[in-house]
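K.L.:
Position one of the sequence shown corresponds to residue 1 (full-length UniProt numbering), numbered consecutively onward.
Backbone N, C-alpha and C fix where the C-beta goes; we use that ideal spot for every residue, glycine too.
The structure displayed is predicted, hence computed values, not measured ones.
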Amino acid sequence: MYYCAGAGIVATFQLDRLNKWYVLALATLIWLLVFALAWDGMAVLFPEIASDLNLNYAEIGLIWGGVSIGIAAFVLIGGMLGDRFGTRVIIGFACFLGAISSFLRGVANSFIALAMFMALFGVAEAAAEGSLSKKV
1 MYYCAGAGIV ATFQLDRLNK WYVLALATLI WLLVFALAWD GMAVLFPEIA
51 SDLNLNYAEI GLIWGGVSIG IAAFVLIGGM LGDRFGTRVI IGFACFLGAI
101 SSFLRGVANS FIALAMFMAL FGVAEAAAEG SLSKKV
């Protein structure tokens with residue numbers, strides 16, 4: 001009887017350890033595929049974006065910094081929302097918001113619109129980062 005209970009505890013411990021690695025891998029993939037590629041991919045596209053929208057280097061820098069502004073403005077609020085509504089809900093919402101803001105960046109036709117959509121992308125990333133780090 002004790003052996004079965006001990007084996008169950010060992011099996012539960014191994015499952016929990018495996019589950020933690022699974023969650024870590026999933027959180028890393030979510031961050032890489034949803035946020036890192038979408039943000040870092042903009043650097044390659046900036047020459048074409050600058051020529052289409054007639055942007056100078058200062059405006060490109062402001063657009064690139066829009067993500068950081070969104071993160072700085074929303075990271076604490078995103079963490080509080082993750083605590084209140086649950087990390088799964090906030091991660092799902094952040095991924096959806098990141099996808100919407102990425103689409104809107106593609107159809108932006110002015111400097112102001114592109115800067116706002118980059119800041120919105122930063123808001124989505126801030127919400128995801130607080131909840132993803134809590135899950136792991």
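1. Is the beta carbon of Phe111 sitting closer than 9 Å to the one on Ile63?
2. State the Cα-Cα distance for the pair Ser102 and Phe121, rounded to the nearest angstrom.
3. How is Leu55 classed by DSSP in three states: helix, strand or coil?
4. Considering only their Cβ atoms, is the gap separating Glu129 from Ile60 smaller than 9 Å?
5. Between which residues of its own chain and Val75 is the CB-CB distance below 8 Å, once the five residues before and five after are set aside?
6. Based on Cα-Cα distance, which residue from Ala115, Ser133, Lys134 and Leu132 lies nearest to Trp39?
7. Would a C-beta distance cut-off of 9 Å place Trp31 and Leu97 closer than the cut-off?
8. Between the alpha carbons of Asn109 and Val34, how many angstroms are there, rounded?
9. Please say whether Lys20 and Gly82 have beta carbons closer to each other than 9 Å?
P.N.:
So, from the listed chains and residues:
1. yes
2. 7 Å
3. Leu55 falls in the coil class under three-state DSSP.
4. no
5. Ala126, Glu129 and Gly130
6. With respect to the C-alpha of Trp39, the residue from Ala115, Ser133, Lys134 and Leu132 having the closest C-alpha is Ala115.
7. no
8. Taking the CA atoms as reference points, Asn109 sits about 23 Å from Val34.
9. Contact flag unset, no.
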